[in-house]
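What follows is a single structure, written as structure tokens, with notes after it.
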Amino acid sequence: MDKSWMHADRRSKAYEFGVEAFLNFAVENLLTTTHIRCPCVKCVNLKLFGVGIIRDHVYFNEIDQSYKNWTFHGEPWDATTNASRNVEEDDGHGRYSFVSEEIDMDDNDFGDFGDDPYEFANVIGDGD
Numbered sequence: 001m002d003k004s005w006m007h008a009d010r011r012s013k014a015y016e017f018g019v020e021a022f023l024n025f026a027v028e029n030l031l032t033t034t035h036i037r038c039p040c041v042k043c044v045n046l047k048l049f050g051v052g053i054i055r056d057h058v059y060f061n062e063i064d065q066s067y068k069n070w071t072f073h074g075e076p077w078d079a080t081t082n083a084s085r086n087v088e089e090d091d092g093h094g095r096y097s098f099v100s101e102e103i104d105m106d107d108n109d110f111g112d113f114g115d116d117p118y119e120f121a122n123v124i125g126d127g128d
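Numbering-wise, the sequence shown is residues 1 to 128 according to the UniProt record's numbering.
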């Protein structure tokens with residue numbers, strides 16, 4: 001399904017046609033009889049309304065552009081685009097490393113706090 005309209009100017013025909021195509025898609029996949037989740041930036045799929053109110057919200061507030069997979073409106077969940085973490089190999093310490101595209105860290109980023117818990121307590125005590 002073409003979602004390029006989500007990034008178009010809200011006054012454009014592309015946005016208008018996209019909103020109507022989205023609403024038609026959502027209505028075809030309704031789980032309830034009258035209400036669907038509102039994907040505008042203020043409601044972020046947390047509130048349910050009729051199609052007319054959703055149309056107004058998407059025009060006036062704009063659609064939430066981060067809502068790329070329309071799972072709340074009948075589109076199947078796509079694990080490849082929604083996966084935020086991947087499990088890598090064991091790191092040698094009996095733990096697994098979790099990698100996220102947003103975070104790039106290793107053990108050296110936190111500094112060396114030593115192995116002596118009393119040393120830490122002394123540092124805290126010195127701050128009083």
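Built from N, CA and C at the ideal position, the CB exists for glycine as well.
Identity of the residue in the options nearest residue i by Cα
i: F60; options: K68, V19, T71, H35; result: V19
i: S4; options: G74, S66, H73, F72; result: S66
i: L23; options: K13, S12, I36; result: I36
i: R10; options: R55, N69, L31; result: R55
i: L30; options: V51, N69, C43; result: V51
i: W70; options: Y15, K13, F25, S12; result: F25
Opening and closing residue of the alpha helix (DSSP H) in which residue i lies
i: F60; result: 51 to 60
i: A14; result: 13 to 28
Residue i, buried or exposed, once every other Cβ within 10 Å from all chains shown has been counted against 16
i: W77; result: exposed
i: V58; result: buried
i: R73; result: Reading off the sequence, residue 73 comes out as His, not Arg. With 16 or more Cβ atoms within 10 Å of its Cβ, H73 is classed as buried.
i: S100; result: Because the pLDDT at S100 is just 39, under 50, the model does not fix this residue reliably, and the value given afterwards should be weighed accordingly. Per the 10 Å Cβ criterion, exposed.
i: M1; result: exposed
Neighbourhood of residue i by C-beta, 8 Å cutoff - its chain only, sequence neighbours within 5 removed
i: I53; result: C38
Cut-off 7 Å between Cβ atoms - residues of its own chain near residue i, not counting five sequence neighbours on either side
i: V41; result: N61, E62, D64
i: H7; result: Q65
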